[in-house]
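Just so we're aligned: 167 in full-length UniProt numbering is position 167 of the sequence shown, and the numbers increase by one with no gaps anywhere.
One structure is given below, encoded as structure tokens.
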Amino acid sequence: MESSSSGRVELPAAFEEAHIDHLVLLIADMLNRLMTHNDRIPLSPESLTRFHSRSAPNISVLDYLKRIVRFTNVEKSCLLITLHYIDQICARTPIFTLSSLTCHRFIIAAITVSSKGLCDSFCTNHLYAKVGGISVTELNILEREFLATIDWRLMCTREVLQEYYINLVRTHSTGQFVIAGADSSPSNSSDSDIDMESGQSRPPSPEIPTRPQPGTIPQEVAQRATVEQNMAFAALQQSEDFKGRKGRDG
1 MESSSSGRVE
11 LPAAFEEAHI
21 DHLVLLIADM
31 LNRLMTHNDR
41 IPLSPESLTR
51 FHSRSAPNIS
61 VLDYLKRIVR
71 FTNVEKSCLL
81 ITLHYIDQIC
91 ARTPIFTLSS
101 LTCHRFIIAA
111 ITVSSKGLCD
121 SFCTNHLYAK
131 VGGISVTELN
141 ILEREFLATI
151 DWRLMCTREV
161 LQEYYINLVR
171 THSTGQFVIA
181 GADSSPSNSS
191 DSDIDMESGQ
201 SRPPSPEIPT
211 RPQPGTIPQE
221 VAQRATVEQN
231 MAFAALQQSE
241 DFKGRKGRDG
């Protein structure tokens, strides 16, 4: 990892080689944007799920992820696949939204099941519950609910995780990170934009927009934004902003 003269931080091309602290920053940034979108939705009784807390936890998503990494030695693939699980559940359960009331409990449930499904060694539910700030009984219930909701589809390909990683870097809210050796110009990201919007590498979310207007959040995205939608929208907005600046400068 190196810092360029422009102040950007260069990350490895492959997610496996990235430092886990950088992955945590990238994922937390995306989840915070997702929560900001979904917290605008009025909460109705029929939209309540097992993942809802009575009030938003005092700990930030970033600090929560850092705590999990510190005490559970979670693997990088388990962190990234959490984003895939979000898209899966949003597609399968339309009433679910990742918000400040659901994010933390969703994360600890996702880490628990992914670690058991993907890793040779993992922690006990007692430790996951203690780190997550909930009881073992509650985590057991969340785990069963989580598995049922995703239909026990715990796996995805390495290519899917890599795509999430690339797009997390590209759409980070500060533009701080860049893939080493890659052209970071927004105007050269159209092919990846198309992939994200069409969902060619994985089933697309049913409400993903095709061409939202720059600078606005489409109603369907504001109502139920998924990780994939946020990435596609952020990439499109970044590309349109770059073209606008180029036109003014030319």
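C-beta atoms are modelled at their ideal positions from N, C-alpha and C, and glycine is treated no differently.
The structure displayed is predicted, hence computed values, not measured ones.
Buried/exposed call for residue i, threshold 16 Cβ in 10 Å
i           : result
residue 336 : Nothing about residue 336 can be reported from this structure: the residues present for the chain run from 1 to 250 only.
Ala-129     : buried
Ile-95      : exposed
Asp-87      : buried
residue 251 : With the chain represented from 1 up to 250, any question about residue 251 goes unanswered, as that position is not in the structure.
Thr-102     : buried
Ala-14      : exposed
Thr-174     : exposed
Ala-110     : buried
Glu-159     : exposed
Ser-28      : According to the sequence displayed, residue 28 carries Ala and not Ser. Burial call: buried.
Ser-121     : exposed
Gln-219     : With a pLDDT of only 40 at Gln-219, under 50, the local geometry of the prediction cannot be trusted, and no value is derived from it.
Thr-216     : For Thr-216, the pLDDT reaches just 33, beneath the cut-off of 50, and the residue's location in the model is therefore unreliable, leaving the point undetermined.
Closest Cα partner of residue i within the set the options
i           : options                            : result
Val-131     : Ile-141, Arg-144, Asp-120, Thr-112 : Thr-112
His-19      : Ser-173, Thr-157, Leu-83, Tyr-165  : Tyr-165
Ser-100     : Ser-121, Ile-41, Val-169           : Ile-41
Ser-60      : Leu-118, Thr-72, Thr-36            : Thr-36
Ser-55      : His-104, Ala-91, Tyr-85            : His-104
Arg-92      : Phe-146, Arg-8, Asn-125            : Phe-146
Arg-33      : Gly-133, Leu-161, Ser-77, His-172  : His-172
Pro-57      : Tyr-85, Ile-107, Glu-17, Phe-177   : Ile-107
Leu-26      : Asp-63, Asn-125, Ile-134           : Asp-63
Ser-77      : Thr-97, Ile-141, Glu-17            : Glu-17
Ala-31      : Thr-97, Ala-148, Ser-115, Gly-181  : Per the sequence shown, the amino acid found at residue 31 is Leu instead of Ala. The shortest C-alpha separation from Leu-31 is found at Thr-97.
Thr-149     : Val-136, Val-24, Arg-50, Val-178   : Arg-50
Val-74      : Asp-21, Asp-29, Ser-135            : Asp-21
Cys-90      : Gly-117, Asn-38, Leu-118           : Asn-38
Gln-162     : Val-9, Leu-23, Glu-10, Gly-7       : Leu-23
Ile-134     : Glu-10, His-52, Tyr-85             : His-52
Val-136     : Gly-181, Cys-119, His-126          : His-126
residue 293 : Leu-139, Ile-141, Asn-140, Tyr-85  : The requested residue 293 does not occur in the structure, where the chain is confined to residues 1 to 250.
For residue i: DSSP bridge partner residues
i       : result
Phe-177 : Val-9
Cutoff 9 Å: residue i Cβ touching any chain D Cβ
i       : result
Ala-110 : The structure shown has no chain D; it contains just one protein chain.
* **the region 146-164 / the region 73-93 touching (three or more Cβ pairs under 8 Å)** => yes
- Message: I want to know whether the region 63-75 touches the region 41-52 - three or more CB-CB distances under 8 Å.
- Response: no
Review point. Going along the chain, which unbroken runs of the alpha helix (DSSP H) with 4 or more residues stay wholly within the region 22-75?
Key: 61-72
- Can you give, in chain order, each stretch of the alpha helix (DSSP H) that sits fully within the region 91-179 and has at least 4 residues? 103-118, 125-132, 136-149, 158-170
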